[in-house]
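The structure appears below as structure tokens.
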Amino acid sequence: LVLNKLHGGLQVAAVKAPGFGDRRKDMLGDIAVIVGAKYVVNDELAVKMEDITLADLGTAKNVRITKDTTTIIGSVDSASSSIESRTNQIKSQIEVSTSDYDKEKLKERLAKLSGGVAVLKVGGSSEVEVKERKDRVEDALHATRAAVEEGVVPGGG
Numbered sequence: 078l079v080l081n082k083l084h085g086g087l088q089v090a091a092v093k094a095p096g097f098g099d100r101r102k103d104m105l106g107d108i109a110v111i112v113g114a115k116y117v118v119n120d121e122l123a124v125k126m127e128d129i130t131l132a133d134l135g136t137a138k139n140v141r142i143t144k145d146t147t148t149i150i151g152s153v154d155s156a157s158s159s160i161e162s163r164t165n166q167i168k169s170q171i172e173v174s175t176s177d178y179d180k181e182k183l184k185e186r187l188a189k190l191s192g193g194v195a196v197l198k199v200g201g202s203s204e205v206e207v208k209e210r211k212d213r214v215e216d217a218l219h220a221t222r223a224a225v226e227e228g229v230v231p232g233g234g
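Just so we're aligned: the sequence shown equals residues 78 to 234 in the working numbering.
Here's what the structure looks like:
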């Protein structure tokens, strides 16, 4: 990656892969389906890195990387049939799974795979108004995330 950056080749960023062990492989497979990649590069892959083309790696509309998170927003040539078959595969795994922990992890994968990402565009007539609206949207977003994480109580304010 460092040599690639120095030579000005392909634009890349190193991020930590999600999960551990077999779950990591499954989640990387989910990402491959979302972006329309043909391969998930791993030790078991019989294809050499030299033989893989850019088209084999897939594409995404947008990738946002922060210190703690990586968000991949859809494939450019949406592979909805592949995503649908992958979600059906995960649903069948949930049905046959006997472990509550495994079911929970599979449900998380299903939510990430089938869930959407919203992009909010905030505007206004002046710079001050735009900043105020962005702050309000950000506050609402944080409140919503907290409610989803912690739960809500009717009449709790």
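The beta-carbon is built from N, C-alpha and C at its ideal position, and this holds for glycine as well. Values in this document were obtained by computation on a predicted structure and should not be read as measured data.
- Distance between Glu226 and Ala188, taken at the CA atoms: about 15 Å.
- The residues Ala114, in chain order, have a CB closer than 7 Å to that of Leu134 in the same chain once the five nearest residues on each side in sequence are set aside.
- Here Val207 carries a helix assignment [DSSP, helix/strand/coil].
- With contacts defined by Cβ atoms closer than 7 Å, Arg186 and Ile160 do not form a contacting pair.
- One alpha carbon belongs to Met126, the other to Arg141, and they sit about 25 Å apart.
- The three-state secondary structure of Val140, taken from DSSP, is strand.
- The alpha-carbon of Tyr178 is positioned some 34 Å away from that of Val89.
- Between the alpha carbons of Val112 and Arg210 lies a distance of about 33 Å.
- Under the DSSP definition of a beta bridge, Thr148 partners with Arg141.
- In this structure Lys182 touches Arg100 by the C-beta definition: roughly 6 Å separates them, less than 8 Å.
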